[in-house]
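In this note's numbering, each number is its position in the sequence shown, counted from 1, plus 127.
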Amino acid sequence: KQLPINFYQIQTKFRDEIRPRFGVMRAREFLMKDAYSFHLDKQSLQQTYDLMYQTYSRIFQQCGLEFRAVAADTGAIGGYSSHEFHVLAESGEDDIAFSDSSDYAANVELAEAVFPTASRPEPKESKRLVATPGAHSIQDLVTQFQLPIEKTVKTLIVAGSEQTAHGLVALLVRGDHELNVVKAEKILQVAKPLRLATEIEIRNVVGAGPGSLGPLDLPIPCIVDRSVTNIADFTAGANQDGKHWFGLNWDRDLPLPEVADLRRVCTGDPSPDGLGKLRVARGIEVGHIFQLGDKYSKAMKCQVLDEHGKSQFLTMGCYGIGVSRVVAAAIEQNHDAHGIIWPEAIAPFQIALLPMKLDKSYRVREAITKFYADLQAAGFEVLLDDRDVRPGIMFADQELIGIPQRLVLSEKSLDAGTIEYRARNAKD
Numbered sequence: 128k129q130l131p132i133n134f135y136q137i138q139t140k141f142r143d144e145i146r147p148r149f150g151v152m153r154a155r156e157f158l159m160k161d162a163y164s165f166h167l168d169k170q171s172l173q174q175t176y177d178l179m180y181q182t183y184s185r186i187f188q189q190c191g192l193e194f195r196a197v198a199a200d201t202g203a204i205g206g207y208s209s210h211e212f213h214v215l216a217e218s219g220e221d222d223i224a225f226s227d228s229s230d231y232a233a234n235v236e237l238a239e240a241v242f243p244t245a246s247r248p249e250p251k252e253s254k255r256l257v258a259t260p261g262a263h264s265i266q267d268l269v270t271q272f273q274l275p276i277e278k279t280v281k282t283l284i285v286a287g288s289e290q291t292a293h294g295l296v297a298l299l300v301r302g303d304h305e306l307n308v309v310k311a312e313k314i315l316q317v318a319k320p321l322r323l324a325t326e327i328e329i330r331n332v333v334g335a336g337p338g339s340l341g342p343l344d345l346p347i348p349c350i351v352d353r354s355v356t357n358i359a360d361f362t363a364g365a366n367q368d369g370k371h372w373f374g375l376n377w378d379r380d381l382p383l384p385e386v387a388d389l390r391r392v393c394t395g396d397p398s399p400d401g402l403g404k405l406r407v408a409r410g411i412e413v414g415h416i417f418q419l420g421d422k423y424s425k426a427m428k429c430q431v432l433d434e435h436g437k438s439q440f441l442t443m444g445c446y447g448i449g450v451s452r453v454v455a456a457a458i459e460q461n462h463d464a465h466g467i468i469w470p471e472a473i474a475p476f477q478i479a480l481l482p483m484k485l486d487k488s489y490r491v492r493e494a495i496t497k498f499y500a501d502l503q504a505a506g507f508e509v510l511l512d513d514r515d516v517r518p519g520i521m522f523a524d525q526e527l528i529g530i531p532q533r534l535v536l537s538e539k540s541l542d543a544g545t546i547e548y549r550a551r552n553a554k555d
C-alpha cells in the first residue's frame with residue numbers, strides 16, 4: 128500500500144577528485160540532490176520516471192538555462208533507461224547531439240548515425256595497387272595524393288571475443304569519421320572493454336602494420352559502418368606495408384561484410400527521427416535520471432509482498448541534480464567580458480541599487496533609503512551599494528557580480544524626477 132514511494136535528500140557530498148578543475152564545476156565538495164523511487168512494477172516506475180523527467184525540465188527552464196535532456200547510456204550504474212540533462216556551454220565536458228527541428232537529443236555515444244539515403248554510385252575507376260611510402264595515416268594519404276577524405280576508409284583492428292578468428296576483429300569507418308567506442312562494444316564479436324590490437328598482434332595475423340590495413344583479403348572478421356556502404360572508388364590499405372588499394376568497390380572487388388552503426392555522429396547528419404539535421408554541441412551535465420529496474424533490489428534481496436500476497440523484487444529508479452554544478456553551468460552559459468549575467472530566477476539579488484555621492488548628498492541618502500525600503504516591501508531582493516567609492520567601481524563590480532537589474536539614483540535624476548535603469552543583459 129505504501130508503494131510507489133520516492134525518497135530524496137539535498138546534501139553536501141565529497142568526492143576524491145584527483146584534479147579539481149573548472150571552479151565549482153568539478154570540486155571535491157559539492158551540493159547534490161538525490162532521490163530514489165521504489166515500485167512494484169515497470170509501469171509504476173515509468174510513471175514516476177516521466178514525472179521526474181518533466182519536473183527536472185521545469186526546474187532548468189525556471190532557472191533560465193538553455194538545456195537539452197538527452198538519451199544516455201546507463202553505464203556502470205546499469206538499468207534499462209537513462210536521460211542526462213545538459214546545459215549548453217562551450218566549456219562543457221560532454222558532447223551531445225540534438226535535432227534543429229525536433230525534440231530529439233542524445234549523448235553522442237548513443238546517438239544513431241542513420242543509413243545514407245543516397246544509393247551507392249556506379250564504379251568509375253579500376254582497382255589499382257599504389258605505393259604509398261610515408262603514408263601512415265588517413266591524413267598522410269589525403270595530403271600526399273590529394274584525395275577527398277570522405278572517399279577513404281580506415282581499418283581499426285580491435286580485440287575480439289573468444290569465438291572470433293585469431294581473436295581479432297576489423298572495424299571500418301570512413302576516413303573523416305570517428306569510431307564510437309560505446310557502439311563498438313555492443314557488437315558481439317568485439318571484446319569488452321574495447322581494446323585496440325597491438326602492432327605485434329596485427330603483424331602476426333595480417334603481415335602489415337596499422338597504417339596499411341584494409342578490408343580486401345583480410346583474414347579476420349570485418350564489420351563496416353553504415354556510411355562506408357554507399358561509397359564507390361574508395362581508398363583503403365592493401366595489408367602490405369607502404370601500399371594502398373585505390374578505386375575499390377563493394378561487390379565488384381570484394382563482398383560487403385557485416386554492417387553496423389559504428390561511428391560518432393557529426394553536425395549536419397540527418398536526425399534519427401527524420402526531422403531536421405543534427406547539431407553536436409558541448410554540454411555540462413547537471414542532472415541524470417535512471418530506470419534501475421531490479422538490478423540492485425535483486426543484489427540486496429529486497430523483496431515485498433504484492434496485492435496478491437506474492438513476494439517480488441522491488442523495481443527502482445534514481446534521480447540526481449548537481450545543485451552546485453547548476454550554479455557553475457549558469458555562469459558558463461551566461462557571462463560576458465565584464466562578468467556574470469545571472470538568469471533572474473537564480474540571481475543572488477534581483478536589483479542593484481547604486482546611489483551617487485551618497486556620503487555628500489542628504490537628498491540622495493534620504494531618497495535611496497526610502498526607495499530601498501519600498502523595493503524590499505514589494506518583495507524584491509535588493510543589494511544597496513552604500514560604499515564610499517567612485518561610480519566606475521560601483522558599475523564594474525555590479526557587472527562582475529551579474530545582478531540582473533541596475534538602478535542608479537543621483538542629484539541629477541532627482542531633479543529630473545527620474546531614475547537611471549539598465550538591464551545586465553543589455554547589448555548596448
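The beta carbon of each residue, even a glycine, is placed where N, CA and C say it ideally should be.
Q: Give me the Cα-Cα distance between A464 and L383, rounded to the nearest whole angstrom.
A: 54 Å
(Q) Taking 7 Å as the cut-off, is the beta-carbon of A203 closer than that to any non-hydrogen atom of the ligand NAP? (A) Only the bare structure without any ligand can be found here, which leaves the ligand NAP out of the picture.
**Q.** Per-residue DSSP class, three states only, for R195
**A.** strand
Q.
Restricting to runs no shorter than 4 residues, where is the alpha helix (DSSP H) found entirely within the region 156-220?
A. Scanning the region 156-220 from its first residue to its last, the whole alpha helix (DSSP H) runs of 4-plus residues come out as 169-189.
(Q) Going by DSSP in three states, I358 sits in which element: helix, strand or coil? (A) coil
Q: Could you tell me how far apart the beta carbons of F225 and Y183 are, in whole angstroms, since I believe they sit closer than 8 Å?
A: The pair is not a contact, with the Cβ atoms about 16 Å apart (cut-off 8 Å).
Q: Give me the Cα-Cα distance between G338 and A203, rounded to the nearest whole angstrom.
A: 34 Å
Q) What is the DSSP secondary structure of I495, counted as helix, strand or coil? A) helix
Q: Can you have a look at E217 and say buried or exposed, based on whether 16 or more other CB atoms are within 10 angstroms of its CB?
A: Under this definition E217 is an exposed residue.
Q.
Restricting to Cα atoms, I'd like to know which of A238, G294 and D143 is closest to S398.
A. A238
Q: Taking all protein chains shown into account, decide if Y231 is buried (16 or more other Cβ within 10 angstroms of its Cβ) or exposed.
A: Burial call: buried.
Q: In the DSSP assignment, find the beta strand (DSSP E) that holds E412 and state where it starts and stops.
A: Its beta strand (DSSP E) spans residues L405 to G420.
Q: Using alpha carbons as the reference points, say which of F157, M159 and S171 lies closest to N133.
A: S171
(Q) Relative to the C-alpha of G334, which candidate in C349, G369, G302 and K319 has its C-alpha closest? (A) G369
Q) Between which two residues does the alpha helix (DSSP H) containing Q138 stretch? A) Unbroken run through Q138 is the beta strand (DSSP E), I132 to F141; no alpha helix (DSSP H).
(Q) Quick check on the burial criterion: 16 or more other C-beta atoms within 10 angstroms. Buried or exposed for V516? (A) exposed
Q. Nearest to L165 by alpha carbon, out of P131, L158, G191 and F187?
A. Note that residue 165 is Phe in the sequence shown, not Leu. Ranking P131, L158, G191 and F187 by Cα distance to F165 puts P131 first.
Q) Taking the alpha-carbon positions, what's the R301 to L315 distance? A) 22 Å
Q: Express the C-alpha separation of S288 and H304 in angstroms, rounding to a whole number.
A: The C-alpha of S288 is placed about 25 Å away from the C-alpha of H304.
Q.
Less than 8 Å between the C-beta atoms of T362 and T279, yes or no?
A. yes
Q) Under the rule that 16 or more other beta-carbon atoms within 10 Å means buried, what is I460, buried or exposed? A) Sequence inspection shows Gln at residue 460; the Ile mentioned does not correspond to that position. Buried, by the Cβ-count rule.
Q | Option in A324, P470 and A196 with minimal Cα separation from I223 | A | A196
Q: Give the C-beta separation of A456 and P470 to the nearest angstrom, bearing in mind that I take them to be a contact with Cβ-Cβ under 8 Å.
A: Actually they are not in contact, since the Cβ atoms of A456 and P470 sit about 11 Å apart, beyond 8 Å.
Q. Excluding the five sequence neighbours on either side, which residues of its own chain have a C-beta within less than 7 Å of the C-beta of Y180, listed in chain order?
A. Annotation for Y180: A196, H210 and I416 place their beta carbon closer than 7 Å to its own, counting only its chain and skipping 5 residues before and after.
Q) Which partner residues does P482 have in the DSSP bridge list? A) Residue pairing from DSSP places P482 in a beta bridge opposite L536.
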